[in-house]
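Residue numbers (UniProt numbering), protein chains in the order written: chain Z, 1 to 203; chain U, 1 to 203.
Even for Gly, the Cβ is constructed at its ideal location relative to N, Cα and C.
Protein chains: 2
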Amino acid sequence: MNESSSEPGTVRPGGRTARVREAVLRAAGDALAEDGFDRLDLAEIARRAEVGKTTLYRRWGTVPGLVADMLGEMAADSLPRTETGSLDGDLTAFARLVLGTLTDTRQGPLFKALIAAATCDEQTATALHRFYRVRLDEWAPCVEAAVTRGEIPAGTDPHEVIRAVSAPLYYRLLASGDPLDEAAADRAVLVAVAAAKAGVFVA
Amino acid sequence: MNESSSEPGTVRPGGRTARVREAVLRAAGDALAEDGFDRLDLAEIARRAEVGKTTLYRRWGTVPGLVADMLGEMAADSLPRTETGSLDGDLTAFARLVLGTLTDTRQGPLFKALIAAATCDEQTATALHRFYRVRLDEWAPCVEAAVTRGEIPAGTDPHEVIRAVSAPLYYRLLASGDPLDEAAADRAVLVAVAAAKAGVFVA
Chain Z
1 MNESSSEPGT
11 VRPGGRTARV
21 REAVLRAAGD
31 ALAEDGFDRL
41 DLAEIARRAE
51 VGKTTLYRRW
61 GTVPGLVADM
71 LGEMAADSLP
81 RTETGSLDGD
91 LTAFARLVLG
101 TLTDTRQGPL
111 FKALIAAATC
121 DEQTATALHR
131 FYRVRLDEWA
141 PCVEAAVTRG
151 EIPAGTDPHE
161 VIRAVSAPLY
171 YRLLASGDPL
181 DEAAADRAVL
191 VAVAAAKAGV
201 FVA
Chain U
1 MNESSSEPGT
11 VRPGGRTARV
21 REAVLRAAGD
31 ALAEDGFDRL
41 DLAEIARRAE
51 VGKTTLYRRW
61 GTVPGLVADM
71 LGEMAADSLP
81 RTETGSLDGD
91 LTAFARLVLG
101 TLTDTRQGPL
111 FKALIAAATC
121 DEQTATALHR
131 FYRVRLDEWA
141 PCVEAAVTRG
151 EIPAGTDPHE
161 VIRAVSAPLY
171 YRLLASGDPL
181 DEAAADRAVL
191 VAVAAAKAGV
201 FVA
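In structure tokens form, the structure reads like this:
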């Protein structure tokens, strides 16, 4: 009769509900990173998290529901942007953050698995797009600051500049398989800055 | 006792072996595009192709083996590059080709499924990377021609320029979910040309 205590928001943060959620999201991330999304199921996640299967089914319902919750948590937890005082410096910090994530032994396979899952499931795709939107919103002010400083033209679309830095790294990870290294990250920054200075991202 | 006739290369092109291969690769592509790679199996492909399951198992062995063969065929079949006489024109033709593929109702889901499959399987990943290498090699001469014409600096890395045009479109398809439209394709070209002119792709 205590079921309402497992609903989000009905118990204090840090209580049992929050601990179970943390353990389950961690286990789901581990399972995705290690096994890929094609072998993901709630029973395996329950086993890894040492949580009853019924708790998972009651709270998240399906694997996509759980993955969407995980992506929401990842967006909320993600690092704040770095402010270096120059567009080149800020975008380099961003590119290194993306590179570090995509080449991390846990995060790299996890992102591949999340992207693969999103190709098969609308709920996951929506959660993934929201995750990237949060990241773009977090870093957009570094472009606005560069406009204010006069480094790049007024009217430059901040999201387009940030996307231009990410895209070559994701392309290497997912499509071409070319090396994901600092040279690739630094070149992505140089391309975005050169294009921004040329006014290509002016809306 | 006629098994050798179903080995590649032992019968004339256009014979029964070639027809079976064409039907099976077509069926595999349809199944991938319609169902996603997570539900792909050889029995379903055999049913769609109206070919015996044993033929599929004997010839391709596994789903990744069949998908690798399909990617090899796609690379061999892909369209030759367009020559317009300017870097901007050539890269626009390339960007429109990529856009057309990724937004096509069959090819778009097929590429998503192939990329998802590659995240889970090494053989598929290797075949996918080879496919993109063939595409890069096909279009690289348009960058070399632009160097010869003096449009961009000597030493510009052709593959990097072509990758720079593709990457933003794949990023939208797979990660951010932002619109895949002609504006995105044309901007990808402007970014690559501006960066190339600024010397960013000089090796």
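Asked	Found
Reducing DSSP to helix, strand and coil, say where V51 of chain Z ends up.	coil
Using beta-carbon positions only, say whether L173 of chain U and L102 of chain U come within less than 8 angstroms of one another.	yes
Any contact between the segment 189-200 of chain U and the segment 139-158 of chain U? By contact I mean 3 or more CB pairs, one from each, below 8 angstroms.	yes
So what's T156 of chain U in DSSP terms, helix, strand or just coil?	strand
For L169 of chain U versus A185 of chain U, is the C-beta distance shorter than 8 angstroms?	yes
According to DSSP, which residues form a beta bridge with V202 of chain U?	U:T156
So which residues of chain U does P153 of chain Z contact, with C-beta pairs closer than 7 angstroms?	Per Cβ cutoff of 7 angstroms: no residues; P153 of chain Z is ~12 angstroms from chain U at best.
Give a yes or no on whether 8 angstroms exceeds the smallest Cβ distance from Y170 of chain U to chain Z.	yes
Does DSSP put P179 of chain Z in a helix, in a strand, or in coil?	coil
I'd like to know if R187 of chain U contacts chain Z, where contact means its C-beta is closer than 8 angstroms to some C-beta of that chain.	yes
If you run the structure through DSSP and keep just helix, strand and coil, what is T103 of chain U?	helix
Whole angstroms are fine: how far does the CA of V189 of chain Z sit from the CA of R130 of chain Z?	23 angstroms
Taking only beta-carbon positions, decide if T119 of chain U is within less than 8 angstroms of chain Z.	yes
Say whether chain Z places a C-beta atom closer than 8 angstroms to the C-beta of E3 of chain U.	For E3 of chain U, the predicted structure reports a pLDDT of 39, less than 50, and the residue's modelled location is therefore unreliable. A value from the coordinates is still provided. No, E3 of chain U lies away from the interface with chain Z (no Cβ there is under 8 angstroms from its Cβ).
Does D104 of chain Z pass the burial test, meaning 16 or more other C-beta atoms within 10 Å, or should it be called exposed?	exposed
In chain order, what residues of the same chain lie with their CB nearer than 7 angstroms to the CB of D77 of chain U, ignoring the 5 residues before and after it?	none
If contacts are defined as beta-carbon pairs under 8 angstroms, then L128 of chain Z and L110 of chain Z qualify, I think. What distance do you get, rounded to the angstrom?	Between L110 of chain Z and L128 of chain Z the Cβ distance is about 12 angstroms, and since that is not below 8 angstroms, they are no contact.
If I follow the unbroken alpha helix (DSSP H) through R19 of chain U, where does it start and stop?	R16 to D35
To the nearest angstrom, report how far apart R187 of chain U and R48 of chain Z are at their CA atoms.	45 angstroms
Provide the residue span of the alpha helix (DSSP H) that contains L71 of chain Z, from first to last.	V63 to D77
Short check: CB of R81 of chain U to CB of E138 of chain U, under 8 angstroms?	yes
Rounded to the nearest angstrom, how far is the Cβ of A23 of chain Z from that of V51 of chain Z, given a contact under 8 angstroms?	6 angstroms
Can you pull out the residues from the segment 86-113 of chain U whose beta carbon lies closer than 7 angstroms to at least one beta carbon of chain Z?	K112 and A113
Mind listing the chain Z neighbours of I115 of chain U? Cutoff is C-beta to C-beta under 9 angstroms, in chain order.	I115, A116, T119, L174 and A175
Quick check on E160 of chain U: buried or exposed, where buried means 16 or more other Cβ atoms within 10 Å of its Cβ?	buried
Compare the Cα-Cα distances from Q123 of chain Z to each of Z:L71, Z:R135 and Z:F94 and report the closest residue.	Z:L71
Can you grab the Cα-Cα spacing for the pair E83 of chain Z / T92 of chain Z, in whole Å?	11 angstroms
Could you have a look at E138 of chain U and say whether DSSP puts it in helix, strand or coil?	helix
Less than 8 angstroms between CB atoms is the rule here; does D38 of chain U satisfy it with respect to chain Z?	yes
Are F37 of chain Z and A117 of chain Z touching if we call contact CB-CB under 8 angstroms?	yes
Determine the chain Z residues that contact V200 of chain U at a beta-carbon separation under 7 angstroms, and present them in chain order.	R187, L190, V191 and A194
Between V20 of chain Z and A140 of chain Z, what straight-line distance do the alpha-carbon atoms span, to the nearest angstrom?	34 angstroms
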